[in-house]
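Novice: Chains as they are written, first to last, in UniProt numbering: chain A, 1 to 486; chain B, 1 to 449.
Built from N, CA and C at the ideal position, the CB exists for glycine as well.
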Amino acid sequence: LRIWGEQGQAALEKSSICLLNCGPTGSETLKNLVLGGVGSITVVDGSKVEVGDLGNNFMVDESSVGQSKAKTVCAFLQELNDAVKAKFIEECPEALIETNPSFFSQFTLVVATQLAEDSMIKLDRICREANVMLLFARSYGLAGFVRISVKEHVVIESKPDHFLDDLRLNNPWPELKSFAETIELNAADPVAHKHTPYVVILELLKAKMMSMDEDNYKEAVDASFKVFAPRGINAELQQIINDGCAEVDSSSSDFWVMVAALKDFIVHEGAGEAPLEGSIPDMTSSTEIYVNLQKIYQAKAEADFLVIEEKVRNILKKTGKDPHSIPKSVIKSFCKNARKLKVCRYRLVEDEFSNPSLSELQRYLSSPDYSFAAGFYILLRAADRFAANYKVIPGHFEGEIDEDIARLKSTAVALLNDLGCSGSPLNDDLVSEMWRYAASELHTVAAFVGGVASQEVIKLITKQFVPMSGTFIFNGIDHKSQLLSL
Amino acid sequence: MASSAVQPSRSRDLDKLLLRSGNLVGENFEPGPQLRDDLREYVRILVVGAGGLGCELLKDLALSGFKNLEVIDMDRIEVTNLNRQFLFRLEDVGKPKAEVAAKRVMERVSGVNIVPHFCRIEDKEIDFYNDFSIIVLGLDSIEARSYINAVACGFLEYDSGDNPREETMKPIVDGGTEGFKGHARVILPGTTPCFECTIWLFPPQVKFPLCTLAETPRTAAHCIEYAHLIKWDEAHSGVSFDPDDPEHMKWVYDEALKRAELFGIPGVTYSLTQGVVKNIIPAIASTNAIISAACALETLKIASGCSKTLSNYLSYNGVEGLHIKVTEFEKDKDCLVCGPGILIELDASVTLQKFIDLLDEHSVLHLSKASVTHRGKNLYMQAPPVLEEMTRSNLSLPLFELMGKVPKDILHVTGIAIKDDKKTSCLRKLRIVFKGVDGVTDMDMAGGA
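1. Quick one: what does DSSP say B/T424 is sitting in, helix, strand or coil?
2. With H, G and I counted as helix, E and B as strand and the rest as coil, what does DSSP make of B/D13?
3. Taking only the alpha-carbon atoms, compute the straight-line gap between B/L18 and B/G32 and give it to the nearest angstrom.
4. Hey, could you find the ends of the alpha helix (DSSP H) A/V307 is sitting in?
5. Considering only the alpha carbon of each residue, which of A/V267, A/V51, A/A453 lies closest to A/L33?
6. Report the rounded CA-to-CA distance for A/A383 versus A/G141, giving the unit in angstroms.
7. On the DSSP bridge assignment, give the partners of A/C344 in chain order.
8. When the distance is taken between beta carbons, is A/F305 closer than 8 Å to A/I156?
9. Taking 7 Å as the limit between beta carbons, can you name the residues of its chain near A/A188, skipping five residues before and five after?
10. Using C-beta distances below 6 Å, list every residue in its chain close to A/A10, excluding the 5 sequence neighbours before and after it, in chain order.
11. Suppose the cutoff is 6 Å on Cβ atoms and the five residues either side in sequence are ignored; what does the same chain contact list for A/Y346 look like?
12. Taking the beta strand (DSSP E) that A/S40 falls in, what are its first and last residues?
13. Looking at A/S15: is its Cβ nearer than 8 Å to the Cβ of A/I461?
14. Please say whether B/I344 and B/L336 have beta carbons closer to each other than 8 Å?
15. Any idea if A/D152 is buried or exposed, counting beta-carbon neighbours within 10 angstroms, 16 or more meaning buried?
16. Which bits of chain B does A/D282 rub up against, with CB to CB less than 7 Å?
17. Going along the chain, which residues of the region 319 to 338 of chain B sit with their C-beta nearer than 7 Å to a C-beta in chain A?
18. Comparing alpha-carbon positions, which option in B/R218, B/P243, B/A214 lies nearest B/E234?
19. Going by alpha carbons, who is nearest to A/N154 out of A/S432, A/V257, A/E269, A/L316?
20. Is there a C-beta anywhere in chain E that falls below 8 Å from the one on A/L237?
21. Ignoring anything shorter than 4 residues, give me the alpha helix (DSSP H) runs that lie fully in the region 109 to 161 of chain A, in order along the chain.
22. So the alpha helix (DSSP H) A/T25 belongs to, where does it begin and stop?
23. Over the uninterrupted beta strand (DSSP E) stretch that includes A/Y364, give me the two end residues.
24. Using a Cβ cut-off of 8 Å (strictly closer), state whether B/A285 contacts chain A.
25. Per DSSP, what kind of secondary structure is A/G420 in: helix, strand or coil?
26. Using a Cβ-Cβ cutoff of 9 Å, what residues of the region 162 to 190 of chain B are near chain A? List them in chain order.
27. Return the bridge partner residues of B/R44 from the DSSP annotation.
28. Excluding sequence positions up to five away, which residues of its chain have a Cβ less than 7 Å from the Cβ of B/A296?
29. Nearest to B/L300 by alpha carbon, out of B/L430, B/N279, B/V186?
30. Starting from the C-beta of A/S424, find all residues in its chain whose C-beta is less than 8 Å away, skip the five residues before and the five after it, and write them out in chain order.
31. Using 8 Å for Cβ pairs, my map puts B/G175 next to B/L137. What's the rounded Cβ distance?
32. In this structure, does DSSP put A/L486 in helix, strand or coil?
33. Here's a check: name, in chain order, each residue in its chain whose Cβ is nearer than 7 Å to the Cβ of B/G111, leaving out the five neighbours to either side.
34. Enumerate, from N- to C-terminal direction, the unbroken alpha helix (DSSP H) stretches of 4 or more residues contained entirely within the region 99 to 162 of chain B.
35. Taking the DSSP output, what are the residues bridged to A/S68?
36. Say whether chain A places a C-beta atom closer than 8 Å to the C-beta of B/N23.
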């Protein structure tokens, strides 16, 4: 019983993941993915197992001290799931990024852990160019960082938690109307009366007022807000069909071809509405009437689907592609999920780092709920700058605490200035914390960050559920972790 | 200036938190090697549950400086556990989860000692739980959480000003997951709300109305529950349905299919049958990893003071993007479980039997078949028969005498209460005050001190 079903499982099994650095952050990410059933993994890490690693990494043990960490972690993961194809490369990821960028093209997705800013930027360019999905994850004391970097990720099966049923009571089609009219609500038979589904009741209620006593009538009243669900499509779907990619040509992906067909449907046959989803929620009713009502909804959904399918085939023909290159089942799923489509786009980290949304950054730094997360965001970058300048991690040495902290603070302030946020507050306690952590990798923080990272990887590969947008900052002090949209 | 220690240490990363001072730390934080060594030597942590959460918790705690761990779980390993309970292998199927989990973690993390307990949590004496510094929960049932909560809160004592006495406060860290969602919370009895204070947080379980199942099924789930809840008893009177028995499951599936065909309802599959009957929401390794990590981190913070703690409830939802929210819930001062205890005033002449009868009639408690303990001593036990016989003679004695003739004290009672139409066994704390026997009564004072 998997939450992402058979198709999702198949996608995972076909995928090939590359992990950079297998400290606890990377190892825990990969552990969850291997348990999830990914097909193949390649672990890249140039370091040897040290005694200190025994205190934070479950995938190394005493017998492995002195050996290649990548090799050790790989062996453990293989034991976890013997079906996975596990390889290791004993090389420093930073060096690989410099000398062999084409190495990354072979993978479905790269999980890059514990990289500093300049390596992140280089790798990002490489993967974006090669169209390889990329996810960054990092643990630093009680702080953590997760960021997806993909040009565009589209989701048909977004499976949101709560979404209004597609009842169309505010805009019923002829068959639904006439079905409702065949039910005689005024009939004296009390049994028949209480077995009328609320959809029908609401339909008829719009014409006349009646008393409500039984469960089904109560349901009608409770559900009546659904009658007032706005007609037409929501703002998000509107944005998708207005997107430039909906103007399709021969290079367009299947998704955008279907969006183009959808757009045409909405404008014409749909009269402003998306295709009917076709399923209805359970409601108090006699079995017979409920099943008949279900059939009415299913028939309309099928009719809408056929119209869209025709449009898809025509567009494919027009753009010089095989009209049957998109399977029926895919178009059907697209129609069913039309109201819930998602398009996710991610800026290059370089762009975000050099040009973050100032208004958002300032808001985050001044908000009590966001200030620690935003502070950590800035300080992680400041720590990288510090290390690049002074050739040592802030806090590495026990002595010179005050001087070190002062230097870290001035580095952070300079960064804020560079970004145009010179007035923004920077929490001094947080600066001291950053010094205190000295780039340590704590197991529990790594496990949390690894959990988040692995979950997002699964969403990206199965193309189900909506991946996070923005940059995730883990805040292990008061757990007010946040997603920053910069 | 001096550089970091030359001697390589396992504690290389943890040392940053434990040996260095900070400003965003716990009240009594004393950084230094002593703290690190004390965590290893003296702090004892109990993990309740060795399933998806429990396995992650043991690993996380073993790698967070704790060396004395114990784990309790009454289940054996099944094949379906293997995809997320990463400590278990195919050859472990059938063995007790607690034992295998303990063994595996000890194999990989040298120096940690984990004592497994293959039994129900109710099988342990209450004092067993008092031996631990912190209790961490990786459970999947409300009832089990309720039980441990009542046990831990039972240790809490209040002073004469009705303030909780800190040395009797037994922290609980509780985690739970369901699909992409989860929660982690810190319970400091007497200070934060306990599990019972916020029981309204749990949504009621989905139950189908009986008439729908019997007369007007509309969905596949209705057909399945009909076969499971109604048809099973009709056809197998006396034999209770066992969801882990594949023969039973197949029977329910076949019956559900027949009914579905009769009513023209599509969608009954074997997999759906299992899901509906076992009320399963598929578990995900990553959610378990996230929640356990949060719980283990909080455990480290509570034990060491190395950082501020979660205050006090974290909810997590990874369905659409990522949503993490921290809520500071407030204690219910009238809570039956973590409050100072329900006050019961009695005449010194009331017998133990009369007291037990009173509990049944009590307007709030409604506790029937009560067993009574006072400061660890059994005053009356309803079961087992040998204990019942031994304590039966106490029933006719005045409670005041049995409690050592003190004017007021705490009693613990266990019995059956009715919650949501279900009979559940529960543990309650009572504050007994004997009328007219207070140390500062008018009679005593009249004679001068």
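Specialist: So, to answer that:
1. Taking the second sequence and counting its residues from 1, the one referred to as residue 424 of chain B is at position 424. B/T424: strand per DSSP, three-state reduction.
2. As a first step, residue 13 of chain B must be located in the second sequence, where it is residue number 13. It is coil, neither helix nor strand.
3. One-based indexing of the second sequence puts residue 18 of chain B at position 18. One-based indexing of the second sequence puts residue 32 of chain B at position 32. The straight-line gap from Cα to Cα measures roughly 6 Å.
4. Taking the first sequence and counting its residues from 1, the one referred to as residue 307 of chain A is at position 307. Note, A/V307: alpha helix (DSSP H), 287 to 318.
5. Looking up residue 33 of chain A in the first sequence gives position 33. Closest by alpha carbon: A/A453.
6. If you number the first sequence from 1, residue 383 of chain A lands on position 383. If you number the first sequence from 1, residue 141 of chain A lands on position 141. Cα-Cα distance, rounded: 12 Å.
7. Counting from 1 along the first sequence, the entry for residue 344 of chain A is found at position 344. A/H153.
8. In the first sequence, residue 156 of chain A corresponds to position 156, counting from 1. In the first sequence, residue 305 of chain A corresponds to position 305, counting from 1. No, the pair does not count as a contact, with Cβ atoms beyond the cut-off.
9. Within the first sequence, numbered from 1, the residue matching residue 188 of chain A stands at position 188. For A/A188, the predicted model reports a pLDDT of 47, less than 50, meaning its position is unreliable; a value from the coordinates is still stated below. Taken in chain order, the list of residues that qualify is empty.
10. Reading the first sequence from its first residue, position 10 is the one you call residue 10 of chain A. Nothing meets the Cβ criterion.
11. As a position in the first sequence, residue 346 of chain A is number 346, starting the count at 1. Excluding sequence neighbours, A/Y346 sits near I148, S149, V150.
12. As a position in the first sequence, residue 40 of chain A is number 40, starting the count at 1. From DSSP, the beta strand (DSSP E) with A/S40 extends over 40 to 44.
13. Along the first sequence, read from residue 1 onward, the residue named residue 15 of chain A stands at position 15. Along the first sequence, read from residue 1 onward, the residue named residue 461 of chain A stands at position 461. In this structure, A/I461 lies closer than 8 Å to A/S15 by Cβ.
14. Position 336 of the second sequence, counted from the first residue, corresponds to residue 336 of chain B. Position 344 of the second sequence, counted from the first residue, corresponds to residue 344 of chain B. Taking 8 Å as the Cβ cut-off, B/L336 and B/I344 do not qualify as a contacting pair.
15. In the first sequence, counting from the first residue as 1, residue 152 of chain A sits at position 152. Reading the sequence as shown, one finds Glu at residue 152 of chain A and not Asp. Flag for A/E152 reads exposed.
16. Working through the first sequence from its first residue, we reach residue 282 of chain A at position 282. Within chain B, the residues near A/D282 are R218, T219.
17. V319, E320, G321, L322, I324, V326
18. Working through the second sequence from its first residue, we reach residue 234 of chain B at position 234. Of the candidates B/R218, B/P243, B/A214, the one whose C-alpha sits nearest the C-alpha of B/E234 is B/A214.
19. Here residue 154 of chain A refers to the residue found at position 154 of the first sequence. Before going further, note that residue 154 of chain A is Val rather than Asn in the sequence given. Closest option to A/V154, Cα to Cα, is A/V257.
20. In the structure shown, chain E does not exist; the protein chains are A and B.
21. 117 to 130
22. As a first step, residue 25 of chain A is located in the first sequence; it is residue number 25 there, counting from the start. Run containing A/T25: 24 to 36, per the alpha helix (DSSP H) assignment.
23. For the purposes of this step, residue 364 of chain A is taken as residue 364 along the first sequence, with counting starting at 1. No beta strand (DSSP E) holds A/Y364; the alpha helix (DSSP H) holding it covers 358 to 366.
24. Against the second sequence, residue 285 of chain B aligns to sequence position 285. B/A285 counts as touching chain A.
25. Within the first sequence, the letter at position 420 stands for residue 420 of chain A. Coil, per DSSP.
26. G179, F180, K181, A184
27. Sequence index remark: in the second sequence, residue 44 of chain B carries index 44 (1-based). In DSSP, B/R44 forms a bridge with B/N68.
28. In the second sequence, counting from the first residue as 1, residue 296 of chain B sits at position 296. If we look at B/A296 and ignore the five residues flanking it on each side, its Cβ neighbours are L57, D60, L61, S64.
29. As a position in the second sequence, residue 300 of chain B is number 300, starting the count at 1. B/L300 has its Cα closest to that of B/V186, out of B/L430, B/N279, B/V186.
30. Within the first sequence, numbered from 1, the residue matching residue 424 of chain A stands at position 424. Cβ within range, chain order: L361, Q362, L365, S366, L416.
31. Indexing the second sequence from 1 puts residue 175 of chain B at position 175. Indexing the second sequence from 1 puts residue 137 of chain B at position 137. Confirmed, Cβ separation roughly 7 Å.
32. Here residue 486 of chain A refers to the residue found at position 486 when the first sequence is read from its first residue. DSSP places A/L486 in coil when its eight states are reduced to three.
33. Here residue 111 of chain B corresponds to residue number 111 of the second sequence, with the count starting at 1. Excluding sequence neighbours, B/G111 sits near K67.
34. 126 to 130, 142 to 154
35. Looking up residue 68 of chain A in the first sequence gives position 68. Bridge partners of A/S68: A/K48.
36. Sequence index remark: in the second sequence, residue 23 of chain B carries index 23 (1-based). With 8 Å as the cut-off, B/N23 counts as an interface residue toward chain A.
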